[in-house]
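What follows is a single structure, written as structure tokens, with notes after it.
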Amino acid sequence: MSSLRALLIAAAAATSGARTVVPQPAALTRLQRLRGGNVLATPPDGFDGAVAAGSKKAAMPADKVFRLGVFSGVHIGFGALLMLTVGGACPGLAESNPGLHKLVLGAFGLPFGLMMTLLSGAELFTGNTALVTMALIEGKATTAGLVKSWVSSYAGNLAGSLLLAGLVSAAGVLAGGGAAAAKVAVAKTSGAFLPTLLKGVLCNWLVCMAVYLASFAKDAAGKMVIIGFIISSFVAMGLEHSVANMFLIPLGILSGADVSWKAFLLKNLLPVTLGNIVGGAVCVGAAFCSVFGSA
């Protein structure tokens, strides 16, 4: 009788237009929530959201982009400072276990800086190379808007990075008189132009993937997990990020590194910036437009 009653209830629900809920396996339910539910957007929806974000960035007034860029430069600088503070305090680990030392450098520092940037709504040049490019290709932004976004965020990032480097140097925050910062500055200005540029391409490929995928997440926890894994990877690999270097190398110079400002600009910042543009605009922005775009 109980089976007949269940069938009658189901039939009544069907004829009245009510939706019958079919039990689903727990694993399938969790997957649906992660992909397209209330945790993570599906790739097509995530792409549309990234294009919309890029369109807003391109339409933002230049002075506002600059101010938000200053915030981002400071945030990334704080992340780099944390990396120096932790990594510089364990030189013995670098000698005895270099792999673990690289893992420590990656885990502590720049992920924290990018989390602050994305969660606060600050403007990061390297991320904008991908998002605004997507908006341009999809017809949601103009070339003038892209140039304004890139130039204003870059200038703001540089200003914020230099401001923080000056404050950190004056405050004497780093132990040992900034020897770790000086060592980093020398290392980053000792490479040839092309390898440095290619390290910039690879770096911003990962950074923009972090920014792009973090935009899929619908809560702060999801964004932080995505950022943490990807950003720690590029740091551990020894790749080159222009905005981080805007803080690290000037701080090294202020700490006594035998590096000129000309060497900073020509041997690192220029090739790394060009590489970051290619990594963000081509390897992420244009690449995903070719798959999910309307063209």
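The sequence shown lines up with residues -18 to -1, 1 to 277 when you count with mature numbering (1 follows the signal peptide of the UniProt record, and there is no 0).
All residues carry an ideal CB built from backbone N, CA and C; glycine is no exception.
Just so you know, these numbers come straight off a predicted model, no measurement behind them.
In chain order, what residues of the same chain have a beta carbon less than 7 angstroms from the beta carbon of Met206, not counting five sequence neighbours either side? Met97
Can you grab the Cα-Cα spacing for the pair Met65 / Gly160, in whole Å? 13 angstroms
Closest to Ile209 by CA distance: which of Ser151, Lys244, Leu92 is it? Leu92
Go ahead and label Val273 buried or exposed: buried means 16 or more other beta carbons lie within 10 angstroms of its beta carbon, across all protein chains shown. exposed
Give the secondary structure of Ser(-17) by DSSP, where H, G and I count as helix, E and B as strand, and everything else as coil. Here the model assigns Ser(-17) a pLDDT of 46, short of 50, so the residue's position is not dependable, and the following value carries that caveat. Helix.
Have a look at Thr67, Ser134, Ser54 and flag the residue whose alpha-carbon is nearest the alpha-carbon of Asp45. Ser134
Buried or exposed: which applies to Ala147, given that a residue is buried once 16 or more other Cβ atoms fall within 10 Å of its Cβ? buried
Check whether the Cβ atoms of residue 282 and Ala117 sit closer than 8 angstroms, and answer yes or no. Residue numbering for the chain in the displayed model covers -18 to 277; residue 282 lies beyond these limits and cannot be assessed.
Note down the Cα distance separating residue 316 from Val21, rounded to an integer number of angstroms. Here the chain covers residues -18 to 277 and nothing more, so residue 316 does not appear.
Buried or exposed: where does Leu247 fall if 16 or more other Cβ atoms within 10 Å of its Cβ makes it buried? exposed
Residue(s) in a DSSP beta bridge with Leu248: Beta-bridge pairing links Leu248 to no other residue.
Rounded straight-line distance, which links the Cα of Leu145 to that of Val129: 24 angstroms
Output needed for Ala35: all residues of its chain with C-beta closer than 7 angstroms, excluding positions within five of it in sequence on either side, in chain order. Leu113, Ser197
Using DSSP with H/G/I as helix, E/B as strand and the rest coil, what is Leu63? helix
Distance CB(Leu221)-CB(Leu184) smaller than 8 angstroms: yes
Cross-strand partners of Leu22 (DSSP beta bridge): Ala199
Give the range of the alpha helix (DSSP H) segment to which Met116 is assigned. 107 to 119
Minimum length 4: unbroken alpha helix (DSSP H) runs contained in the stretch 131 to 178: 161 to 170
With burial defined as no fewer than 16 other Cβ atoms inside 10 Å of the residue's Cβ, what is the status of Met228: buried or exposed? buried
Which residue marks the beginning of the alpha helix (DSSP H) containing Leu96, and which one marks its end? 92 to 102
Can you tell me which of Lys170, His57, Ile259 puts its alpha carbon nearest to the alpha carbon of Ser102? His57
C-alpha distance - Thr54 paired with Thr99, whole-angstrom precision: Note that residue 54 is Ser in the sequence shown here, rather than Thr. For Ser54 and Thr99, the distance between alpha carbons rounds to 5 angstroms.
Whether Asn186 touches Thr115 by CB criterion (8 angstroms): no
Residues near Val52 in its chain [Cβ-Cβ closer than 7 angstroms; skip 5 each side]: Gly138, Ala141, Gly142
When you compare the CB positions of Ser131 and Gly182, do they come within less than 8 angstroms of one another, or not? no
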